[in-house]
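For the sequence shown, the UniProt record's numbering assigns the number 1 to the initial residue and increments by one for each residue that follows.
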Amino acid sequence: MARSDAARTALLDAAERLFAESGLAQVSDRKVAEAAGNTNHSAVRYYFDGRVGLLQALITRHLAALEPPRQAMFARSDSVLGDVRSLVVPFTDALADLPQPTSRARFLAQALHDPTTATLLRESAGLAQSASAIAHSVVTRLGHLDGDVVIGRTRLMTRIVSASCADVETQAARDGTDPAWQAVGDFLSDAIAGMLSAPVTHRHGAPVSLIDPRAAPVL
Numbered sequence: 001m002a003r004s005d006a007a008r009t010a011l012l013d014a015a016e017r018l019f020a021e022s023g024l025a026q027v028s029d030r031k032v033a034e035a036a037g038n039t040n041h042s043a044v045r046y047y048f049d050g051r052v053g054l055l056q057a058l059i060t061r062h063l064a065a066l067e068p069p070r071q072a073m074f075a076r077s078d079s080v081l082g083d084v085r086s087l088v089v090p091f092t093d094a095l096a097d098l099p100q101p102t103s104r105a106r107f108l109a110q111a112l113h114d115p116t117t118a119t120l121l122r123e124s125a126g127l128a129q130s131a132s133a134i135a136h137s138v139v140t141r142l143g144h145l146d147g148d149v150v151i152g153r154t155r156l157m158t159r160i161v162s163a164s165c166a167d168v169e170t171q172a173a174r175d176g177t178d179p180a181w182q183a184v185g186d187f188l189s190d191a192i193a194g195m196l197s198a199p200v201t202h203r204h205g206a207p208v209s210l211i212d213p214r215a216a217p218v219l
């Protein structure tokens with residue numbers, strides 16, 4: 001790895017960990033550089049052209065790694081559960097492959113709620129085309145249910161996986177244990193498939209969508 005690539009990776013790893021532990025707004029670019037062992041306190045600006053570039057690089061690194069395994073799994077899917085596993089399992093497998101304890105799930109959970117990173121996630125939907133295709137497939141397979149309800153449920157998938165994995169990661173960091181990420185992926189896949197396929201109750205007119213319709217189905 002070239003020295004510049006190693007420096008960028010060290011900054012990304014340090015930023016991901018610090019953001020996960022302290023929050024995006026609480027961590028300065030200087031702290032990121034110091035945690036990465038970089039003596040240039042302007043390293044974030046030098047390598048990423050500032051904070052937004054750093055956040056975009058973190059999101060791109062994550063989404064780009066997920067796309068090939070998601071495409072491969074989705075190509076073999078023949079059911080709602082298979083679709084959901086195509087979305088969830090590559091994410092939990094990616095967490096399992098990282099040095100433990102991980103920070104990525106906690107960072108991504110925060111990113112979904114931060115205005116800047118939420119916008120970057122939406123703008124990065126092109127890096128997660130399989131996620132959109134999976135959501136569309138789920139809606140098609142569940143054509144016997146109210147379409148608006150199913151669409152609303154598919155938008156919950158990202159939130160459920162993100163929040164659940166962040167909780168697992170937090171507990172693991174607190175206890176000093178390594179999560180059983182494969183078991184987490186299996187549990188979440190089964191639970192989400194059940195949620196998507198559940199009967200629809202109509203008591204008060206049109207169903208309510210709980211998630212911003214602009215939210216992209218990415219993790």
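Glycine included, every Cβ here is placed at the ideal spot set by N, Cα and C. None of these values were measured; they are calculated from a predicted model.
With 16 other CB atoms within 10 Å as the buried threshold, where does residue i fall?
i: Q56; result: buried
i: D13; result: buried
i: A183; result: exposed
i: N38; result: buried
i: G126; result: exposed
i: E166; result: Before going further, note that residue 166 is Ala rather than Glu in the sequence given. Buried.
i: A75; result: exposed
i: E123; result: exposed
i: S189; result: buried
i: T154; result: buried
i: S162; result: buried
i: S28; result: exposed
i: P115; result: exposed
i: P179; result: buried
i: P90; result: buried
i: T201; result: exposed
i: T140; result: exposed
i: G185; result: buried
Please state whether DSSP places residue i in a helix, a strand or coil.
i: D178; result: coil
i: V184; result: helix
i: D148; result: helix
i: L156; result: helix
i: H136; result: helix
i: T39; result: coil
i: Q100; result: coil
i: L196; result: helix
i: L142; result: coil
i: G126; result: helix
i: T9; result: helix
i: T170; result: helix
What first and last residue would you give for the alpha helix (DSSP H) that runs through residue i?
i: L58; result: R51 to A75
i: G82; result: V80 to D97
i: P115; result: P115 to E123
i: A35; result: D29 to A35
State the CB to CB distance for the pair residue i and residue j, rounded to an integer number of angstroms; the pair is presumed to be in contact (CB under 8 Å).
i: D97; j: V138; result: At roughly 26 Å, the Cβ-Cβ gap does not stay under 8 Å, so D97 and V138 are not in contact.
i: T102; j: L95; result: 5 Å
i: A33; j: L11; result: 7 Å
i: Q67; j: S4; result: The sequence shown places Glu at residue 67, rather than the Gln named in the question. Rounded, the Cβ-Cβ distance is 25 Å, inconsistent with contact.
i: T170; j: R106; result: 6 Å
i: R104; j: L87; result: In fact, because the Cβ distance is near 16 Å, the residues do not count as touching under 8 Å.
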